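Working notes, structure below.
Number of protein chains: 2
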Amino acid sequence: MKHTLRMTHQREIILAELRKSTSHPTADELYERIRKKLPRISLATVYRNLEILFEAGVISKVEISGRQKRFDYDLEEHDHIYCVKCHRVDNINLPKTQKIVVRQKEQKGYRISGCRIEFYGICPDCRKKQKKELEGDNKMGCSSCELSDKQKEVLEALAKSNDPCGSKDIASVTSLEPKQISCQITALKKKGYVASPVRCKYEITEEGKKALD
Amino acid sequence: MKHTLRMTHQREIILAELRKSTSHPTADELYERIRKKLPRISLATVYRNLEILFEAGVISKVEISGRQKRFDYDLEEHDHIYCVKCHRVDNINLPKTQKIVVRQKEQKGYRISGCRIEFYGICPDCRKKQKKELEGDNKMGCSSCELSDKQKEVLEALAKSNDPCGSKDIASVTSLEPKQISCQITALKKKGYVASPVRCKYEITEEGKKALD
DNA sequence: ATGTACATAGTAATTATTATCAAGTCAAGA
DNA sequence: TCTTGACTTGATAATAATTACTATGTACAT
Chain L
0 MKHTLRMTHQ
10 REIILAELRK
20 STSHPTADEL
30 YERIRKKLPR
40 ISLATVYRNL
50 EILFEAGVIS
60 KVEISGRQKR
70 FDYDLEEHDH
80 IYCVKCHRVD
90 NINLPKTQKI
100 VVRQKEQKGY
110 RISGCRIEFY
120 GICPDCRKKQ
130 KKELEGDNKM
140 GCSSCELSDK
150 QKEVLEALAK
160 SNDPCGSKDI
170 ASVTSLEPKQ
180 ISCQITALKK
190 KGYVASPVRC
200 KYEITEEGKK
210 ALD
Chain E
0 MKHTLRMTHQ
10 REIILAELRK
20 STSHPTADEL
30 YERIRKKLPR
40 ISLATVYRNL
50 EILFEAGVIS
60 KVEISGRQKR
70 FDYDLEEHDH
80 IYCVKCHRVD
90 NINLPKTQKI
100 VVRQKEQKGY
110 RISGCRIEFY
120 GICPDCRKKQ
130 KKELEGDNKM
140 GCSSCELSDK
150 QKEVLEALAK
160 SNDPCGSKDI
170 ASVTSLEPKQ
180 ISCQITALKK
190 KGYVASPVRC
200 KYEITEEGKK
210 ALD
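Residue numbers (numbering that gives the first Met the number 0), protein chains in the order written: chain L, 0 to 212; chain E, 0 to 212.
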């Protein structure tokens, strides 16, 4: 059933911000930009309108890796390149001579309506970061990782100790059982906050100390 | 930090079911198959293990359209075809002679590690369904759509009436204001449960009658 | 036999998105 | 000009998809 699509002020701003963007933003990224101009706009309004504008043929949806929906002002179908580290998406222009042809017997009974080509790799910014990391700018782990109460307790116990500790040592200064300590230590190792210089002995890392602040 | 990966019974079943599948299932689809053999397995276990097995290099992750993660037993990179109607994913084998080459100047500073080609269209099953629909097997709307209480109220009022009704007519036999009726009607039209033979007059559809059962 | 490490089930929490509804706003008709 | 109808919004609830947490299970190492 047809209905008229009104070009509201909010929709004009959404389109303007999408037009400016070259990185095929997610709804959330676009929302952060739009609210600088429309402080009262709702995230639900952005989500709803991206879908409405796409269905009306005004913008296009970018089908690319990652869980979040991405949109593009450019209606002409083109190819993309995706950064596996920071999830950024850029356009890539291939010569029109490179066309993929699928023969009838390869089509598996599908009626094919299109083809997307997606390159993936590491973007210039993340390549720079990687180079710094290799040069000893040592930033392991993720300092912004949330810690559960039990993880904090274990990490604090390790922070107070000057020597590597075992599970029993930690249990004796916390309210946790040694078996519980073991589980928390596994999670903290994964986050890069705890290291094990010797088997069954643990110590806090620099990242772990930062995470406690 | 490295650790040993144990091949538990659950993991063996997960791998066996993934191996049998040719449609690159989502975690949820795989879970439905696995629980026939392991009734007590947890969905969280399936999710966690798919990620672990992928990170261990035992299976591959299929990056394709749609919000859900998909996995494949086949480790060799290959191309896919995706049904835009039912979201099914199949393999497609292109001759190895068709290679996409990206010149240095086109790479935008990225270090490219790979390329995915995804075809999209309508699969054989959905093509059959479409043919039936065109032949008058009329199945519009979605009978399984949930209805809110207010939507039900409006639909029931329309079901009782033999003639097309306006908002005021519906308001007089329900607890809703005409303005509220208007909003509910918009939603019901979208679902295919209400039609408007004349402007400002509404009637229930066959789908709408079915949805009330 | 005991301690350690990896794994699971059940459930809570998080992320990303969509539905609902009262109220706002604009267009059409009387 | 007023009333009615239709589309839209902001706020919030709900849903879908996924991940984190924890007590407990199980296997391995000492």
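Glycine included, each C-beta is placed from N, C-alpha and C at the ideal position. Because the structure is a prediction, the values reported are computed rather than measured.
9 angstroms Cβ cut-off: residues of chain E touching residue 107 of chain L: 80, 89, 90, 91, 122, 123
For residue 70 of chain L and residue 19 of chain L, the rounded distance between their alpha carbons: 12 angstroms
Classification of residue 38 of chain E by the beta-carbon crowding that lies within 10 angstroms, buried from 16 upward: exposed
Length of the line joining the Cα atoms of residue 88 of chain L and residue 60 of chain L: 13 angstroms
Cβ distance (whole Å) where residue 119 of chain L is taken to contact residue 80 of chain L below 8 angstroms: 7 angstroms
Any chain L beta carbon closer than 8 angstroms to residue 64 of chain E: yes
Within-8 angstroms CB hit, residue 12 of chain E to chain L: no
For residue 91 of chain E and residue 116 of chain L, the rounded distance between their alpha carbons: 14 angstroms
Beta-carbon proximity of residue 145 of chain L to residue 173 of chain L, cut-off 8 angstroms: no
Residue 119 of chain L - partner residues in DSSP beta bridges: L:81, E:113
Partner residues on chain E for residue 114 of chain L, Cβ-Cβ distance less than 8 angstroms: 116, 117, 118, 119
8 angstroms Cβ cutoff, residue 32 of chain E in contact with chain L: no
Buried versus exposed call for residue 85 of chain L [16 or more other C-beta atoms within 10 Å across all chains shown]: exposed
Supposed close pair residue 4 of chain E, residue 16 of chain E - CB separation, criterion 8 angstroms: Actually they are not in contact, since the Cβ atoms of residue 4 of chain E and residue 16 of chain E sit about 19 angstroms apart, beyond 8 angstroms.
Span separating the alpha-carbon of residue 93 of chain L from that of residue 101 of chain E: 7 angstroms
Touch test, the segment 153-161 of chain E against the segment 188-207 of chain E, Cβ-Cβ under 8 angstroms, three pairs minimum: yes
Whole-angstrom C-beta distance between residue 45 of chain L and residue 58 of chain L, which should lie under 8 angstroms: Not really, about 12 angstroms apart at Cβ, beyond 8 angstroms.
For residue 182 of chain L and residue 47 of chain E, the rounded distance between their alpha carbons: 16 angstroms
Distance, residue 184 of chain E Cα to residue 207 of chain E Cα: 12 angstroms
For residue 69 of chain L, the first and last residue of its enclosing beta strand (DSSP E): 69-71
Below-8 angstroms beta-carbon distance, residue 110 of chain E vs any chain L residue: yes
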